[in-house]
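Colleague: Questions regarding the structure given below will be posed in turn.
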Amino acid sequence: MSNSVSQEVAKAGTFKPRRALAEEILRHARRPFPWLIVVFTVIVAIAPNVLDDVSLRESLLLAAVYVTLASNLNLMIGYAGYVNFGNIVFFGLGGYIGVYLATTWHVNLVLSALIGGVGVSALAYLFGLGILRLRGAFFALATIGVNEAIHAFVTNFEPWGGATGIYLSMDAYEPLGGPMKGLWLCYYLIVVVMGLSLLLSYAIKTSKFGLGILAIGQNEDAAAVLGVPTPRYKAIIYSVSGFLPAVAGCLYFFKSGIIEPNGAFDLTTSIEAIVMLMLGGAGTVTGPVIGAFLYEELRSFLLFSETFSHLQLVLAGALLLVIVLFVPGGLMGWLFARVPRLRKWLQ
Amino acid sequence: MIGILASVIDGVLVGAVYGVAAMGLTLIWGVMNVINLSHGAIIVLGMFVVYFLTNATGVSPYYGIPIVLVVGFAAGVIIYWMSVNRVIGRPILMSLLATFALNMIIIGLATAAWTTSPYNVPISLPGITIQNYTFTGTHIMAAVIAGVIAGLLYLFLHYTRPGRAIRAVASNREAAELNGIPTRRVLAMAFGLGVALACVSGALISTLFPFTVLSGGAYQLKSFVVTVLGGLGNPAGALLGGIALGIVEGLATPFTPVSWTPIIEFGLFVLTLMAFPRGIFSFTRP
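Protein sequences, first through last, are from chains A and B.
Going by our numbering, the first sequence opens with residue 178, and the numbers climb by one from there.
Going by our numbering, the second sequence opens with residue 71, and the numbers climb by one from there.
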């Protein structure tokens with residue numbers, strides 16, 4: 178009797194051999210949701226070109242950056258249940274590394290963006306092993322600290338221009354075929370990064386790794402008891418959540434033509450990403466997209482209205498408060514509760 | 071050598087004020103497990119209350135401190151019922167976001183009203199000069215007031231009925247409720263008290279340094295470092311932690327540029343959390 182029980186336990190405890198990658202991809206390709214992401218990304222990418230609308234491109238570009246930030250933040254807040262207040266540090270630091278490489282060393286833009294992403298991910302992994310030992314509120318505070326400390330460091334770091342930052346000259350765009358083409362290329366790349374963020378978010382949610390992360394989000398001690406290697410998983414998700422924002426940061430600041438510490442490590446943008454995430458619904462793949470687009474609309478409306486332009490922060494705060502107090506699931510959570518069948522189509 | 075000593079003593083004086091700020095934070099954390107991320111904004115509120123009182127009436131800012139206490143307490147109770155009451159007992163994420171939302175609202179309104187240009191409270195007190203080093207009168211006065219406030223808080227928490235109710239709720243809320251303590255109201259009171267302390271520390275800081283609407287963030291970071299040094303939920307440790315941070319700052323100032331202060335503070339914060347998760351000055355809990 179006890180023998181059979183121990184056999185059962187042993188059977189449950191052994192992991193199935195890892196499924197072949199091709200099979201894994203096929204399994205996902207048969208579902209509608211990843212295709213929805215691809216279609217959405219393509220539409221966003223070609224819309225401003227087809228409509229020949231540069232101002233649309235600018236607002237879509239900002240929205241794509243927001244989606245990238247919110248979606249990757251979702252990996253931490255929505256999946257793992259760790260509040261990363263300083264998530265903008267990935268964006269800013271990736272931007273600095275990438276822009277520095279692209280301007281000073283004339284490295285190819287895509288390559289410098291990737292190096293920025295890898296560098297930030299590696300740093301985040303090392304940092305994560307340390308600060309992820311902190312739980313809950315302590316972690317949240319530490320992430321603010323990471324952002325402030327790196328902000329202070331970069332402000333004092335002369336090779337990166339110190340407090341004045343790095344300005345790009347027009348020559349920087351020459352390898353891309355001039356500023357006009359360069360801006361379009363940056364736009365397409367950022368939209369691709371946005372699409373990849375969503376695919377990543379979906380892939381993690383449906384993978385075994387993601388299951389472990391979601392378990393950590395539900396109850397970390399229980400997850401550890403059930404054999405999830407929590408410290409390593411947390412460090413990995415922290416590091417992964419930094420990669421694409423860092424790449425986007427490089428592209429965004431390259432496109433802007435200037436990077437300086439106060440703009441790159443602006444805690445407000447960090448918080449705005451949290452607002453978008455909570456607005457759309459933390460823990461869902463679709464939520465950050467909806468949240469980011471809605472917030473972008475709201476923000477541009479507020480910026481151009483006479484009465485509210487000074488009160489942008491106040492309204493964002495009030496919005497966040499209302500969501501936290503009354504609709505903690507966000508729009509997607511609210512929608513899923515009303516129309517459960519949607520869960521079949523959307524994640 | 072004397073210079074460093076003077077710098078350390080000045081650090082102790084300023085650190086006592088940090089201690090008061092951290093007491094507010096730690097009281098709220100200890101009683102209701104909420105980290106108040108609007109702490110910095112509230113400190114700024116205290117600064118501006120003193121600024122406007124001094125400008126309107128022309129009296130010394132120190133007379134304004136009782137008023138700041140009352141205003142802070144009222145603000146705290148309002149904030150509690152508005153945004154904190156509903157998130158108590160929910161995941162920590164929710165209380166963090168709720169108080170942060172509040173922070174954004176306060177900072178946003180303050181920026182719209184007073185812009186981000188620097189202000190300062192005009193005040194001069196005779197200092198004490200030893201050899202070539204002068205200890206500013208305002209620093210000494212602020213430290214004395216901080217000490218008095220810490221003493222009053224201790225007396226309040228240990229020898230009055232509401233104070234003991236706060237401690238009872240902090241140690242076991244269900245048991246307190248069973249003994250007939252209206253815990254919601256006690257929580258509101260504790261939050262009010264925490265906010266009042268933050269406001270007073272803001273008032274004291276405004277007599278020491280110039281300030282802007284945005285300077286709350288720096289003092290919030292300091293409060294967190296102090297709180298962690300003193301052990302979360304431990305008001306007595308907060309004062310010692312504040313003084314310790316003041317000494318560290320005093321030792322660091324002669325050797326490092328001011329813009330590195332946040333890095334030092336943050337490093338201290340993380341290291342303390344890892345090495346002494348219960349705080350260095352935490353005597354009460356094992």
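Where is the CB? At the ideal position from N, CA and C, for every residue including glycine.
Computed from a predicted structure; not experimentally measured.
1) Determine the chain A residues that contact B/S153 at a beta-carbon separation under 9 Å, and present them in chain order.
2) Could you check what DSSP says for B/I158 in three-state terms: helix, strand or coil?
3) Determine the contact status of A/R240 and A/L454, defining contact as a CB-CB distance below 8 Å.
4) For A/V186 and A/V402, what's the separation of their Cα atoms in angstroms?
5) Using DSSP with H/G/I as helix, E/B as strand and the rest coil, what is B/F281?
6) Taking all protein chains shown into account, do 16 or more other C-beta atoms lie within 10 angstroms of the C-beta of B/R243, making it buried, or fewer, making it exposed?
7) Who are the Cβ neighbours of A/G342 in its own chain at under 7 Å, not counting the five residues just before and after it?
8) Between the alpha carbons of A/Q489 and B/V84, how many angstroms are there, rounded?
9) Check the C-beta distance from A/G460 over to A/I467 and give it rounded, since I have them as a contact under 8 Å.
10) Going along the chain, which unbroken runs of the alpha helix (DSSP H) with 4 or more residues stay wholly within the region 443 to 513 of chain A?
11) Using a Cβ-Cβ cutoff of less than 7 Å, which residues in the same chain neighbour B/A216 once the five nearest sequence positions on both sides are dropped?
12) Residues of the region 443 to 456 of chain A in Cβ contact with chain B at a cutoff of 9 Å, in chain order, please.
13) Under DSSP, the alpha helix (DSSP H) around B/I219 begins and ends at which residues?
14) Counting only beta-carbon separations shorter than 8 Å, does B/S285 have a partner in chain A?
15) CA-CA distance, B/G100 and B/G264?
16) Strictly under 8 Å for the Cβ-Cβ distance: is B/I177 near chain A by that measure?
17) Using the Cα positions of A/I414 and A/N333, report the straight-line distance between them to the nearest angstrom.
18) Do you know how far the Cα of A/S298 is from the Cα of B/V147?
19) Compute the Euclidean distance between the alpha carbons of B/R234 and B/L172, then round it to the nearest angstrom.
20) Using alpha carbons as the reference points, say which of A/K521, A/A326, A/H487, A/G271 lies closest to B/I176.
21) Counting only Cβ pairs nearer than 9 Å, list the residues of chain A close to B/A168.
22) Quick one: is B/V340 near chain A, going by C-beta distance under 8 Å?
23) Using a beta-carbon distance below 8 Å, is B/R243 in contact with chain D?
24) On a CA-only basis, which of B/G320, B/I317, B/V191, B/A238 is nearest B/R255? Give me that one, please.
25) Can you say whether A/Y350 is buried or exposed, counting buried as having 16 or more other CB atoms within 10 angstroms of its CB?
26) In angstroms with no decimal places, state the Cα-to-Cα distance between A/L373 and A/Y429.
27) Which residues does DSSP list as the beta-bridge partners of B/T199?
28) Kindly list the residues whose CB is nearer than 8 Å to the CB of A/P408, restricted to its own chain and excluding five residues on each side of it in sequence; keep chain order.
29) Can you check whether the CB of B/G110 is closer than 8 Å to the CB of B/G262?
30) Once you ignore the five residues that flank A/R518 on each side, which residues in its own chain have a CB closer than 7 Å to its CB?
31) Between which residues of its own chain and A/R312 is the CB-CB distance below 8 Å, once the five residues before and five after are set aside?
32) DSSP on A/Y344, reduced to helix/strand/coil?
33) Looking only at its own chain, which residues have a Cβ that is under 6 Å from the Cβ of A/F470, when we skip the five neighbours before and after it?
34) Determine whether the Cβ of A/G313 lies closer than 8 Å to any Cβ atom of chain B.
35) Kindly indicate which three-state DSSP category B/I193 falls into: helix, strand or coil?
36) Check distances from the C-beta atoms of the region 196 to 219 of chain B to those of chain A and list, in chain order, the residues that come in under 7 Å.
Modeller: The short version:
1) Position 83 of the second sequence, counting from 1, holds the residue named residue 153 of chain B. Residues of chain A passing the Cβ test: L498, V501, L502.
2) Counted from its first residue, the second sequence places residue 158 of chain B at position 88. Coil at B/I158, not helix or strand.
3) Taking the first sequence and counting its residues from 1, the one referred to as residue 240 of chain A is at position 63. Taking the first sequence and counting its residues from 1, the one referred to as residue 454 of chain A is at position 277. Reading the sequence as shown, one finds Ala at residue 240 of chain A and not Arg. No, Cβ-Cβ distance for A/A240 and A/L454 is not below 8 Å.
4) Locating residue 186 of chain A in the first sequence gives position 9, where the first residue counts as 1. Locating residue 402 of chain A in the first sequence gives position 225, where the first residue counts as 1. Low confidence applies here, because A/V186 scores a pLDDT of 46, under 50, leaving its location unreliable; read the following figure in that light. Going from the Cα of A/V186 to the Cα of A/V402 covers about 14 Å.
5) The residue given as residue 281 of chain B occupies position 211 in the second sequence. Strand, per DSSP.
6) Counting from one through the second sequence, the residue named residue 243 of chain B turns up at place 173. Counting Cβ neighbours within 10 Å, B/R243 comes out buried, since at least 16 surround it.
7) Counting from one through the first sequence, the residue named residue 342 of chain A turns up at place 165. Cβ neighbours of A/G342 beyond the five flanking positions: I435, I436, E437, P438.
8) On the first sequence, residue 489 of chain A is found 312 positions in, with the first residue counted as 1. On the second sequence, residue 84 of chain B is found 14 positions in, with the first residue counted as 1. Going by C-alpha positions, A/Q489 is about 35 Å away from B/V84.
9) The count along the first sequence starts at 1 and reaches residue 460 of chain A at position 283. The count along the first sequence starts at 1 and reaches residue 467 of chain A at position 290. At roughly 13 Å, the Cβ-Cβ gap does not stay under 8 Å, so A/G460 and A/I467 are not in contact.
10) The region 443 to 513 of chain A contains these whole alpha helix (DSSP H) runs: 444 to 457, 463 to 481, 489 to 503.
11) Sequence index remark: in the second sequence, residue 216 of chain B carries index 146 (1-based). Answer for B/A216: A86, V87, G89, V90, L274, listed in chain order.
12) L444, T445, I448, I451, V452, M455
13) Mapped onto the second sequence, residue 219 of chain B falls at position 149. Where B/I219 is concerned, the enclosing alpha helix (DSSP H) stretches over 207 to 229.
14) Numbered from its first residue, the second sequence carries residue 285 of chain B at position 215. False, the Cβ-Cβ gap to chain A never drops below 8 Å.
15) On the second sequence, position 30 is the one that residue 100 of chain B refers to. On the second sequence, position 194 is the one that residue 264 of chain B refers to. Approximately 11 Å between the Cα atoms of the pair.
16) Taking the second sequence and counting its residues from 1, one reaches residue 177 of chain B at position 107. It does: the Cβ of B/I177 has a partner Cβ on chain A nearer than 8 Å.
17) Taking the first sequence and counting its residues from 1, one reaches residue 414 of chain A at position 237. Taking the first sequence and counting its residues from 1, one reaches residue 333 of chain A at position 156. Cα to Cα, the separation comes out at about 30 Å.
18) As a position in the second sequence, residue 147 of chain B is number 77, starting the count at 1. As a position in the first sequence, residue 298 of chain A is number 121, starting the count at 1. Here the alpha carbons of A/S298 and B/V147 stand approximately 43 Å from one another.
19) By one-based count along the second sequence, residue 234 of chain B stands at place 164. By one-based count along the second sequence, residue 172 of chain B stands at place 102. Computed Cα separation, rounded: 29 Å.
20) Here residue 176 of chain B refers to the residue found at position 106 of the second sequence. Nearest C-alpha to B/I176 among A/K521, A/A326, A/H487, A/G271: A/H487.
21) Your numbering for residue 168 of chain B matches position 98 in the second sequence. Here the neighbours are L497, L498, V501, L502.
22) To locate residue 340 of chain B, count along the second sequence from 1; it is residue 270. Closer than 8 Å to some Cβ of chain A, the Cβ of B/V340 qualifies, so yes.
23) This model lacks chain D altogether, as its protein chains are A and B.
24) For the purposes of this step, residue 255 of chain B is taken as residue 185 along the second sequence, with counting starting at 1. Nearest C-alpha to B/R255: B/A238.
25) For the purposes of this step, residue 350 of chain A is taken as residue 173 along the first sequence, with counting starting at 1. The residue in question, A/Y350, is buried, as its Cβ has 16 or more Cβ neighbours within 10 Å.
26) If you number the first sequence from 1, residue 373 of chain A lands on position 196. If you number the first sequence from 1, residue 429 of chain A lands on position 252. Spanning the two alpha carbons is a distance of roughly 16 Å.
27) Taking the first residue of the second sequence as position 1, residue 199 of chain B is located at position 129. Answer is B/T204, bridged to B/T199.
28) Start at 1 with the first residue of the first sequence, and residue 408 of chain A comes out as number 231. Counting only Cβ-Cβ distances below 8 Å, and skipping sequence neighbours, we find L306, L309, R310.
29) Here residue 262 of chain B refers to the residue found at position 192 of the second sequence. Here residue 110 of chain B refers to the residue found at position 40 of the second sequence. No; because the gap between Cβ atoms is not below 8 Å, this pair is not in contact.
30) Counting from one through the first sequence, the residue named residue 518 of chain A turns up at place 341. If we look at A/R518 and ignore the five residues flanking it on each side, it has no Cβ neighbours.
31) In the first sequence, the residue the question calls residue 312 of chain A occupies position 135. Hits under 8 Å: E397.
32) Taking the first residue of the first sequence as 1, we reach residue 344 of chain A at position 167. In this structure, A/Y344 counts as strand in the three-state DSSP scheme.
33) The count along the first sequence starts at 1 and reaches residue 470 of chain A at position 293. A240.
34) Within the first sequence, numbered from 1, the residue matching residue 313 of chain A stands at position 136. Yes, its Cβ sits closer than 8 Å to a Cβ of chain B.
35) The residue you call residue 193 of chain B lines up with position 123 of the second sequence. B/I193: coil per DSSP, three-state reduction.
36) The residues in question: there are none.
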